[in-house]
Amino acid sequence: MQTLKVLFLLALVPVLFSSRKAANESSKTKWLTLAQVTDSLKSEKRPVLIDLYTDWCGWCKVMDKKTYANRNVGDYLSKKFYSVKVDAESKDQITWKGKTYSFNPQYRTNDFALYLTRGQLSYPTTIIIPTDGSEPQAIPGYLEPKDFEMIAKYFGEGHFGKISFDSYQRSFKSSW
Numbered sequence: 005m006q007t008l009k010v011l012f013l014l015a016l017v018p019v020l021f022s023s024r025k026a027a028n029e030s031s032k033t034k035w036l037t038l039a040q041v042t043d044s045l046k047s048e049k050r051p052v053l054i055d056l057y058t059d060w061c062g063w064c065k066v067m068d069k070k071t072y073a074n075r076n077v078g079d080y081l082s083k084k085f086y087s088v089k090v091d092a093e094s095k096d097q098i099t100w101k102g103k104t105y106s107f108n109p110q111y112r113t114n115d116f117a118l119y120l121t122r123g124q125l126s127y128p129t130t131i132i133i134p135t136d137g138s139e140p141q142a143i144p145g146y147l148e149p150k151d152f153e154m155i156a157k158y159f160g161e162g163h164f165g166k167i168s169f170d171s172y173q174r175s176f177k178s179s180w
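Under the working numbering, the first residue of the sequence shown is numbered 5, with each subsequent residue one higher.
Take a look at the structure:
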C-alpha cells in the first residue's frame, strides 16, 4: 500500500509541473525591462504599462494568474504597449528617463514606485505612461480582464487626452 502511494505521487509530479508550464506559456504578454522599453521607445512610440507589485501581495499574484495570463490581455498588450513588471520594494537602483531612483528606507519602497503613484502606494497598481510621455496614470487595485480591457483600450487606441474616461466608459463595448 505504501509503495502504491509513492508511485502515485511520483506519477503526479510531472502532471503538476506540466500544467504550471502550460499556464505560463498561455500568457502572451511580453514583459520587458525598463532599459528595453527605453530603447524601443526610440524607434516606435507606444504607451508603457507598468505592473507595480510586491512579492508579498496576494492580489498581485491573482492578477498575474487571472489577468496577465488571459490570452486576450496578453495579445493586446503585446501589440499596443511596452509592458514592464516593477517590484515596488526593489533595493536596486532604477533608471527611467535619465533619472535614477533608489530604495527609500523611510517608506520601505523604491522612490520609482513613489514617483509612479505620486506617493499613493497600493498593490497591485497598473501604471500607464501615455504615448506623449505625460504624467503616469495610476490605476490601483486588482483588475479582472473585462475591466482591464476598457482601460487598456482607452490608452492603446489613443483616446487618452482626446475624450474623458467617463465619456469613453459610457460608450465602450467589450469585445473580449
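For each residue, glycine too, the CB sits at the ideal point set by N, CA and C. Keep in mind that this is a model prediction, so the values were computed, not measured.
Assign P149 to buried or exposed, taking buried as 16 or more other Cβ atoms, counted over all protein chains shown, within 10 Å of its Cβ.
Numbered from its first residue, the sequence shown carries residue 149 at position 145. Classification for P149: buried.
If you drop the 5 nearest sequence neighbours on each side, which residues of the same chain put their C-beta closer than 8 Å to that of S178?
Indexing the sequence shown from 1 puts residue 178 at position 174. Here the set comprises K150, E153 and M154.
Closest Cα partner of N114 within the set S94, S138, D68 and S171:
To locate residue 114, count along the sequence shown from 1; it is residue 110. Selected option, being the one with the closest Cα: S94.
Evaluate I133 with the Cβ neighbour count: other Cβ atoms within 10 Å of its Cβ, from every protein chain shown; 16 or more gives buried, anything less gives exposed.
Numbered from 1 along the sequence shown, position 129 holds the residue referred to as residue 133. I133 should be labelled buried.
From which residue to which residue does the beta strand (DSSP E) around L56 run?
Numbered from 1 along the sequence shown, position 52 holds the residue referred to as residue 56. That run of the beta strand (DSSP E) goes V52 to Y57.
Can you tell me whether V4 is buried or exposed? The criterion is at least 16 other CB atoms within 10 Å of its CB, across all chains shown.
No answer is possible for residue 4: it lies beyond the span of the chain, which begins at 5 and ends at 180.
The beta strand (DSSP E) that contains Y80, what's its start and end?
On the sequence shown, residue 80 is found 76 positions in, with the first residue counted as 1. No beta strand (DSSP E) contains Y80, which is instead part of the alpha helix (DSSP H) from R75 to K84.
I think A117 touches L45, with their Cβ atoms under 8 Å apart; what is that distance to the nearest whole Å?
Numbered from 1 along the sequence shown, position 113 holds the residue referred to as residue 117. Numbered from 1 along the sequence shown, position 41 holds the residue referred to as residue 45. Not confirmed; about 20 Å, so no contact.
Compare the beta carbon distance of D91 and T58 with 8 Å and say whether it is the shorter of the two.
As a working note, residue 91 is residue 87 in the sequence shown. As a working note, residue 58 is residue 54 in the sequence shown. D91 is a Cβ neighbour of T58, given a cutoff of 8 Å.
How big is the Cα-Cα spacing for L125 and S47?
Counting from 1 along the sequence shown, the entry for residue 125 is found at position 121. Counting from 1 along the sequence shown, the entry for residue 47 is found at position 43. L125 and S47: Cα-Cα distance of roughly 32 Å.
For P51 versus G160, is the C-beta distance shorter than 8 Å?
Translated into positions along the sequence shown, residue 51 becomes position 47. Translated into positions along the sequence shown, residue 160 becomes position 156. Taking the C-beta atoms as reference points, G160 is found nearer than 8 Å to P51.
Just to confirm my understanding: we take Y119, look at its own chain, exclude 5 residues before and 5 after, and list those with CB closer than 6 Å. What are they?
To locate residue 119, count along the sequence shown from 1; it is residue 115. Contacts found: none.
CA-to-CA distance, Y80 to N74, given in whole angstroms
Stepping through the sequence shown from its first residue, residue 74 is reached at position 70. Stepping through the sequence shown from its first residue, residue 80 is reached at position 76. Those two C-alpha atoms are separated by around 10 Å.
Do L53 and S106 have their C-beta atoms closer together than 8 Å?
Here residue 53 corresponds to residue number 49 of the sequence shown, with the count starting at 1. Here residue 106 corresponds to residue number 102 of the sequence shown, with the count starting at 1. Going by C-beta atoms, L53 is not nearer than 8 Å to S106.
Excluding five sequence neighbours on each side, which residues of the same chain lie with their C-beta closer than 6 Å to the C-beta of Q141?
For the purposes of this step, residue 141 is taken as residue 137 along the sequence shown, with counting starting at 1. Cβ neighbours of Q141 beyond the five flanking positions: I132.
6 Å CB neighbourhood of F85 in its chain, flanking five on each side removed:
Taking the sequence shown and counting its residues from 1, one reaches residue 85 at position 81. Here the set comprises R50, P51 and L53.
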